[in-house]
Amino acid sequence: MRLRKTILQAGLLAAFCLTGCYATQSGESNYTLNVFSDDKLVRRYDRPVDVVLPAVRKTLADAGVITAEDATTNVISARVNTRYVWVKVEPDAESDNISRVTYQVRTKSSWIVAGRNPDVRMAAELAEGTFQNLVVQENPQP
């Protein structure tokens with residue numbers, strides 16, 4: 016009986032210690048069980064924010080549905096299939112002509128696995144799509 020109680024207490028303590036929250040690019044906090052995985056992908060583009068933001072917007076519109084856009088902080092929220100996507104575009108600290116784009120993708124929450132897990136592969140695909148859209152913007156087809 017004492018062993019069972021100790022095992023139960025250890026399990027509850029582990030469950031409590033291994034859960035937490037993650038912050039989205041828009042500043043909100045959400046619950047997740049997977050707090051130790053890195054869910055952000057940062058890319059830097061040698062273009063100003065005014066050029067990169069339409070390319071990010073086109074990439075997200077092509078891949079899914081844009082759900083919200085905050086013009087003051089340059090954060091675009093979207094849904095791609097069942098994924099939640101947040102992309103933040105800001106000037107880099109080194110130069111105003113360099114844009115720092117942070118991609119954050121999380122899976123849909125389920126009742127079996129509470130919280131949303133990171134999806135860095137989808138973030139990499141969106142970063143590649145943004146780069147392709149920047150190339151198309153620079154070199155329009157006749």
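Sequential numbering from 16 applies to the sequence shown in the working numbering.
Just so it is clear, CB atoms sit at the ideal spot from N, CA and C, and this is done for glycine as well.
Bear in mind that the values here come from a model prediction, so they are computed numbers and not experimental data.
Residue range of the unbroken alpha helix (DSSP H) whose run includes residue i
i      : result
LYS123 : Per DSSP, LYS123 belongs to no alpha helix (DSSP H) and is neither H nor E.
ALA8   : Residue numbering for the chain in the displayed model covers 16 to 157; residue 8 lies beyond these limits and cannot be assessed.
Cβ neighbours of residue i in the same chain (closer than 6 Å, five flanking residues each side left out)
i      : result
GLN119 : GLN40, ASP54, LYS55, TRP101
ARG17  : none
Separation of residue j from residue i, as counted between CA atoms
i      : j      : result
VAL80  : GLU109 : 32 Å
ASP85  : ASP77  : 19 Å
GLU140 : ALA25  : 40 Å
GLU105 : THR82  : 20 Å
ASP61  : ASP107 : 10 Å
Proximity below 9 Å, CB of residue i to CB of residue j
i      : j      : result
VAL95  : LEU68  : no
VAL150 : VAL57  : no
VAL90  : GLN152 : no
THR122 : THR97  : yes
PRO63  : ASP134 : no
LYS103 : THR87  : no
TYR99  : ARG131 : yes
Endpoints, the beta strand (DSSP E) within which residue i is located
i     : result
ARG58 : 55 to 60
Contacts around residue i, its chain only, beta-carbon distance under 8 Å, and the 5 residues preceding and following it disregarded
i      : result
ALA158 : Residue 158 lies beyond the residue range present for the chain, which begins at 16 and ends at 157; the question has no answer from this structure.
Same chain only: Cβ atoms within 7 Å of residue i, ignoring 5 sequence neighbours per side
i     : result
LYS73 : ASN148
VAL71 : ILE91, VAL102, VAL104, VAL116, THR145
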